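Before any comments, here is the structure.
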Amino acid sequence: MLNGVIVIVAIGCAAQAIRSPRLLNSAIWLATASALTAMLIYLLGAPQLAVIELSVGAGLVTVLFVLAISISGEEAFSAPTLVPKPLAFGVVFIAAALLAWSILPLPPISIFSASSLTNVFWHERGLDVLAQIVLIFAGVLGVLNLVVDEHVEQTEAISGLDEAHLPIVQTEIETETAETQEAVHA
Amino acid sequence: MNVSALDFVLILVAGFLAVGLYGLLVVRNLIKLVIALQILVKATVVALVAGGLASHTLELATSIAVTVIVVDTVVAVLALAFAIQVRQKIGTLDVRALGTLKG
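Note that the protein sequences, when read in sequence, are chains L and Z. Residue numbers for the first sequence follow my numbering, so the first one is 10 and each next one is one higher. Residue numbers for the second sequence follow my numbering, so the first one is 12 and each next one is one higher.
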């Protein structure tokens, strides 16, 4: 019963995330859908995955979306959608029908698990963890490449310094230093 | 009708897949497109958990699902960074504006 309520409300939140005209509201609806998904995963018996889904999906990704929306701003589109909505509904319905036809009816399945996540995660799938680390660093480098170039150009434009002025500034500093030392000795 | 826990999970997977696919077809805003992708990947993660439960290998499924979440987060970060750059360079988040291919 609880699982059913969570599923229905989560699907409703995901639908609202797409339907909502404002981006900030869509981000909040997505965070709610993520939290409900994490709750369902916890009830199914994978608490570690539920914690990761809650912290990353409902926390980190939501913060990223809010940051991106605050930088880029809200924008309203008045023109019609690329694909007509009835056609989109039809495509989705056909895809869902094909999926249901391919997997239903489900055979009776007993649900239980017995093993150690630590052993599987760090030993059997250790290469996956290494790939995740490499991917995270690649993502950081990619974002830095996208963002930092503009920041460097803006800094140079604001300071307006070039190599011709640097020796003059250096000479002035040396002159001031020599005058200070003479004053001290006097 | 007796509905088991696995049936509820598969209903969620189908629902998220349908909503995500509809979003990819209809949405024009780049940031909302990333939201639709996030919904699709959530369906994948839940489907992995369902598969792990049904095949009695929940720990392996959890490990793979963690990998999927990490990859999805990196993709979302890069996609949002691209969206911000598009907004600053072109002035709009409309996906139709990206089709001009100005050199």
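Every residue gets a Cβ at the ideal spot worked out from N, C-alpha and C, and that includes glycine. Computed from a predicted structure; not experimentally measured.
Counting only residues of its own chain and dropping the five nearest sequence neighbours on each side, E83/L has a CB closer than 7 Å to the CB of R31, L32. With respect to F130/L, S74/Z sits close: the two C-beta atoms are nearer than 8 Å. Interface annotation, I101/Z: not in contact with chain L, CB-CB separation never under 8 Å. When Cβ-Cβ separations below 8 Å define contact, S111/L makes no contact with chain Z. Any Cβ of chain L closer than 8 Å to the Cβ of L44/Z would place that residue at the interface, and such an atom is absent. For the options L32/Z, R98/Z, V85/Z, the alpha carbon positioned closest to that of V92/L is the one of L32/Z. The residue from A55/L, C22/L, R28/L, T41/L with its alpha-carbon nearest to that of L126/L is A55/L. In terms of beta-carbon proximity, L107/L stays away from the interface with chain Z, with every pair separated by 8 Å or more. Judged by beta-carbon spacing, I142/L lies beyond the 8 Å limit of G26/Z, meaning their Cβ atoms are not closer than that value. Taking 4 residues as the shortest admissible run, the stretch 36 to 95 of chain Z contains the following complete alpha helix (DSSP H) segments, listed from N- to C-terminal end: 41 to 65. Below 8 Å, too few C-beta pairs join the stretch 52 to 65 of chain Z and the stretch 90 to 106 of chain Z to call them touching: fewer than three. Within its own chain, the residues whose Cβ lies closer than 8 Å to the Cβ of V79/Z, once the five positions on either side in sequence are excluded, are V52, T55, V56, L59, listed in chain order.
Below 8 Å, enough C-beta pairs join the stretch 70 to 81 of chain L and the stretch 36 to 45 of chain L to call them touching: three or more. Scanning its chain for C-beta atoms nearer than 6 Å, with the 5 sequence neighbours on each side dropped, one finds around D105/Z the residues R39, in chain order.
Comparing C-alpha distances from D18/Z to each of L36/Z, A61/Z, K43/Z shows the shortest one belongs to A61/Z.
In terms of CA proximity to L150/L, V86/Z leads the group R107/Z, V86/Z, Q99/Z.
The distance from the Cβ of V30/Z to that of I27/L is about 6 Å, consistent with a contact at the 8 Å cut-off.
Listed in chain order, the non-local C-beta contacts of S35/L below 6 Å within the same chain comprise A26, S29, local neighbours out to five positions each way being set aside. Within the DSSP bridge table, the entry for D137/L names no partner. For I78/L, the residues of chain Z that pass the 7 Å Cβ criterion are I42, in the order they occur in the chain. By the rule that beta-carbons nearer than 8 Å mark a contact, T90/L touches chain Z. Using a CB distance cut-off of 8 Å, V77/Z counts as an interface residue toward chain L. Ranked by Cα distance from K100/Z, the options V14/L, L155/L, V16/L are led by L155/L. In the DSSP assignment, G13/L falls within the alpha helix (DSSP H) that extends over 11 to 28.
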